[in-house]
Amino acid sequence: MGMTWGYGKADRAESLATIHRALDLGVTLFDTADIYGPFLNEELVGEALAGHRQEVVLATKCGLQVPDASVFHHDASKFSLTRNGSPEHILKSCDDSLRRLRTDYIDLYQLHRVDPQVPIEETVGAFASLVKAGKVRHIGLSECTVDELSRAHQVYPITTVQSELSLWTRDVLSEVLPFCQQHEIGFLPFSPLGRGFLTGHFDQASNFKKEDFRSLLPRFQPEALKTNVRIVEAVKDLAKRKEAAPAQIALAWVLALGENVVPIPGASKRNHLEENLGGAHIQLTKEELLSLNELPAPMGGRY
Ligand SMILES: NC(=O)c1ccc[n+]([C@@H]2O[C@H](COP(=O)([O-])OP(=O)(O)OC[C@H]3O[C@@H](n4cnc5c(N)ncnc54)[C@H](OP(=O)(O)O)[C@@H]3O)[C@@H](O)[C@H]2O)c1
Numbered sequence: 004m005g006m007t008w009g010y011g012k013a014d015r016a017e018s019l020a021t022i023h024r025a026l027d028l029g030v031t032l033f034d035t036a037d038i039y040g041p042f043l044n045e046e047l048v049g050e051a052l053a054g055h056r057q058e059v060v061l062a063t064k065c066g067l068q069v070p071d072a073s074v075f076h077h078d079a080s081k082f083s084l085t086r087n088g089s090p091e092h093i094l095k096s097c098d099d100s101l102r103r104l105r106t107d108y109i110d111l112y113q114l115h116r117v118d119p120q121v122p123i124e125e126t127v128g129a130f131a132s133l134v135k136a137g138k139v140r141h142i143g144l145s146e147c148t149v150d151e152l153s154r155a156h157q158v159y160p161i162t163t164v165q166s167e168l169s170l171w172t173r174d175v176l177s178e179v180l181p182f183c184q185q186h187e188i189g190f191l192p193f194s195p196l197g198r199g200f201l202t203g204h205f206d207q208a209s210n211f212k213k214e215d216f217r218s219l220l221p222r223f224q225p226e227a228l229k230t231n232v233r234i235v236e237a238v239k240d241l242a243k244r245k246e247a248a249p250a251q252i253a254l255a256w257v258l259a260l261g262e263n264v265v266p267i268p269g270a271s272k273r274n275h276l277e278e279n280l281g282g283a284h285i286q287l288t289k290e291e292l293l294s295l296n297e298l299p300a301p302m303g304g305r306y
């Protein structure tokens, strides 16, 4: 996402090089969405993965629309998203994504947000018809409730749920993740690095440009940052003791949540990618997990 959307302008050449480095290092799962850019991210991913299609699990999403895309890149406060879960929109979005991704099938097609105007059964019915047509292999949901997930799962087996989950966002631990575990549904934690915060690269004096979406988020406001640095200081301390990077600790904590949990950290730079992959080799002891579980809750909502 961050290669084309969200956190200010990223370098395109470095983004492409990062995807290629990921392939070289054995990364197989790539997550994108039509709305990122909008559309530019899928084009970038399609370009980067050309010739590598068989080696990867390609995940994308639909169901969100942005009325005026041009404004977003200059001023994040002007941007607004709308939901569209109508079958017509899902079917058309899939064909458009296939074209941009330069492929004839999507491994994991996810509904980005549930549309309250359209019964989830109807939306998932459209996804199921895409599986039948051979355009999609598996279906996923993003940021759904247990009720929506359970209803969707009765229409067609849901393979994954994607929601925010990290050391400072744990809402899904109470219901959604246990439901996924009971029903053998994969879980993809998004923003597992707390949108960069848990890497230790920000402090209470950090400020964000207006084209950076974080400039709007409650947790990144100056007052909240003052409190929230306590969280990352504790992560940094543990990282130092384990001769690891804070980002690696944040990812190791997420990975320790279960076999079905596969975090999707975002990185648009090769050095970040390489550091993050090291998180897969960090083993946290019971005591270390306990100390991370007891970190204070952040100040400020996640949106
Ligand atoms: N379903 C949804 O609604 C939803 C919402 C948000 C995100 N997502 C998915 O989740 C993915 C990841 O989420 P995210 O990008 O929001 O958040 P994230 O993975 O928590 O953090 C990404 C940010 O951290 C920085 N970063 C990454 N590794 C770093 C390192 N080792 N050291 C320092 N900084 C580092 C990145 O910078 P650089 O770019 O400079 O490397 C970027 O600014 C997205 O790409 C997207 O596929 C889904």
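Under the working numbering, residues 4 to 306 are what the sequence shown spells out, in order.
Note that beta-carbon positions come from the ideal geometry of N, C-alpha and C, so glycine has one too.
Just so it is clear, the structure is predicted and the values come from calculations on it, not from any experiment.
The beta strand (DSSP E) with L329 in it runs from where to where?
What is shown of the chain runs 4 to 306, which leaves residue 329 out entirely.
Quick one: does the C-beta of N279 sit closer than 8 Å to a heavy atom of ligand 1?
Correct: N279 has its Cβ closer than 8 Å to ligand 1.
Can you tell me whether A62 is helix, strand or coil according to DSSP?
DSSP places A62 in strand when its eight states are reduced to three.
Segments assigned beta strand (DSSP E), at least 3 residues, entirely inside the stretch 106-166
If we require 3 residues or more, the beta strand (DSSP E) runs fully inside the stretch 106-166 come out as 109-114, 139-145.
Who does S169 pair with in a DSSP beta bridge?
For S169, which the question treats as bridged, DSSP gives the partners T172.
Own chain, CB closer than 8 Å to T162, minus 5 neighbours either side, in chain order:
Hits under 8 Å: L111, H141, I142, G143, I188, G189.
At the level of alpha carbons, what is the spacing between L26 and R198?
When rounded, the distance between both Cα atoms is 23 Å.
Decide if Q286 is buried, meaning its Cβ has at least 16 other Cβ atoms within 10 Å, or exposed.
Exposed: under 16 other Cβ atoms inside 10 Å.
Just the Cα atoms here: how many angstroms apart are V139 and I109?
If I take the Cα positions, the gap works out to 5 Å.
Excluding five sequence neighbours on each side, which residues of the same chain lie with their C-beta closer than 8 Å to the C-beta of E151?
Closer than 8 Å at the Cβ level, and outside the excluded window around E151, lie V117, I123, L144.
For R222, the three-state DSSP class (helix, strand or coil):
Three-state result, R222: helix.
Starting from D19 and walking both ways along the alpha helix (DSSP H), at which residues does that stretch end?
Note on identity: in this sequence residue 19 is Leu, with Asp being the wrong assignment. Note, L19: alpha helix (DSSP H), 15-27.
Helix, strand or coil: which one does DSSP assign to L191?
Note: L191 maps to strand in three-state DSSP.
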